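*Asks:* Numbered according to this note's numbering, the sequence shown spans residues 112 to 435. Note that beta-carbon positions come from the ideal geometry of N, C-alpha and C, so glycine has one too. Keep in mind the model is a prediction, meaning the values are calculated, not measured. One structure, pasted below without further comment.
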Amino acid sequence: MASIAAAAAAAAAIYFTVVPSETINLETLSSAKIPQKKRAAVAALYPPPEPDALTQLSAGTTCYSITGSESGKRIILVHGISGTWASMPHVVSSLTQHGFRVLAYDLYGRGHSSSPGIRYTASDYALQMKDLMDHVGWDRANVLGYSLGGGIAASFADVWPERVDKLVLVAPAGLSKDIPLGGRFLLLPIIGPLITYTAGSRILSYLSRRNHNALYAKQPHMQHFINVQDLNIRIHPGFMRAYIGTVRNGPIRGMGAVYRRVGEKFGDRIQCIWGRDDKVVNFEKQAPLFRKLAPRAQFIELQGGHSILPETSEKVVDRVVDFL
112 MASIAAAAAA
122 AAAIYFTVVP
132 SETINLETLS
142 SAKIPQKKRA
152 AVAALYPPPE
162 PDALTQLSAG
172 TTCYSITGSE
182 SGKRIILVHG
192 ISGTWASMPH
202 VVSSLTQHGF
212 RVLAYDLYGR
222 GHSSSPGIRY
232 TASDYALQMK
242 DLMDHVGWDR
252 ANVLGYSLGG
262 GIAASFADVW
272 PERVDKLVLV
282 APAGLSKDIP
292 LGGRFLLLPI
302 IGPLITYTAG
312 SRILSYLSRR
322 NHNALYAKQP
332 HMQHFINVQD
342 LNIRIHPGFM
352 RAYIGTVRNG
362 PIRGMGAVYR
372 RVGEKFGDRI
382 QCIWGRDDKV
392 VNFEKQAPLF
402 RKLAPRAQFI
412 ELQGGHSILP
422 ETSEKVVDRV
432 VDFL
């Protein structure tokens, strides 16, 4: 009995050493105490922001940028689960070159935004966007959401439709009924968190790199995208907790009712762009459901997979510009 108790105590000690509390702030890429070598990688790929690029919102600090003509049409960019908009500067610059006023920001638990002790629900993410719009003084804007960002954008538009002009959804998450098998494994009690916080970043880094089309992977803009995403996954002190919280509670599944309401409210003010080879947000299974829920949306099917936006941004941006 004593040996069992000792083993249990040792296991508990390991667990609470490895697994962070769900309620504390886990800092950002720039504020966390990380080794010098990793700090150099951050400085090279995504330098710490100036103080005026950070703002304290209701749940935590958010890093953001506003670029482009002050008189241009306003558009807010919402990135995916593993990235930041710093990984896609070519998308931001393309929109500004077309005359848009672009607001891009890091979701909580990514980039230089903080990692608050929240549940990472659709409501948490939508409130971050609403708080940021209030901070910068934007009453209304167009919203473009990519992957997880699509689910967030739809959630925001559902709650605050009066603040959205048009809605652009690129490979939007939220229509799956279940968590993927790998995600369910990570959510198992005790063993799931232990795997997440010991090997999770390496596993996710490997899987993320497999999502890209080999035809584009060696191009400079995709190398940058991959490296910044990897920085987020491997170095950001709060990323894995935000990732698991999002898988458990976020707008990545079961959002059929939300998309139906948004489809009814916005009608032809929705554009959806999807790569027909997308296996991450599965085109074959989920695109037909989207078209049923939002039948008046402009639906564009392109050649490509889940990384269609970073890989072939010109094709996507051209269609976004025409729509807006």
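#1: Measure the beta-carbon distance from residue 71 to residue 249 and round it to whole angstroms, keeping in mind my assumption that it falls under 8 Å.
#2: So is residue 318 buried or exposed if we call it buried at 16+ other beta carbons inside 10 Å?
#3: Could you have a look at residue 370 and say whether DSSP puts it in helix, strand or coil?
#4: Ignore the nearest five residues each way along the sequence and tell me which others in residue 430's own chain have a CB closer than 7 Å to its CB.
#5: When the Cα atoms are used, what is the spatial distance from residue 166 to residue 288?
#6: Please classify residue 131: does DSSP put it in a helix, a strand, or coil?
#7: Which same chain residues end up closer than 7 Å to residue 360 when comparing Cβ atoms and leaving out the 5 residues on each side of it in sequence?
#8: Using the DSSP secondary-structure output, state which residues sit across from residue 287 in a beta bridge.
#9: Tell me the DSSP bridge mates of residue 409?
#10: Go ahead and pull the three-state DSSP assignment for residue 346.
#11: Let me check one thing: in DSSP terms, what residues is residue 256 bridge-paired to?
#12: Assuming residue 286 and residue 382 make a contact with CB atoms under 8 Å, what is their CB distance in whole Å?
#13: What residue does the beta strand (DSSP E) around residue 167 start on, and which one ends it?
#14: What span of residues does the beta strand (DSSP E) with residue 176 cover, start to end?
#15: Can you tell which of 152, 159 and 129 has its C-alpha closest to the C-alpha of residue 142?
#16: Quick one: is residue 208 buried, meaning 16 or more other Cβ sit within 10 Å of its Cβ, or exposed?
*Replies:* To lay it out plainly:
#1: Because residue 71 is not part of the residues shown, which for the chain are 112 to 435, the question remains open.
#2: Exposed: under 16 other Cβ atoms inside 10 Å.
#3: Per DSSP, reduced to three states, the secondary structure at residue 370 is helical.
#4: 384 and 411
#5: 35 Å
#6: coil
#7: 230, 231 and 232
#8: DSSP lists 364 as partners of residue 287.
#9: Per DSSP, 382.
#10: DSSP, reduced to helix, strand and coil, places residue 346 within a helical segment of the structure shown.
#11: 189 and 280
#12: Wrong, their Cβ atoms sit about 16 Å apart, outside the cutoff.
#13: Going by DSSP, residue 167 is part of the beta strand (DSSP E) stretching over 165-167.
#14: 172-178
#15: 159
#16: exposed
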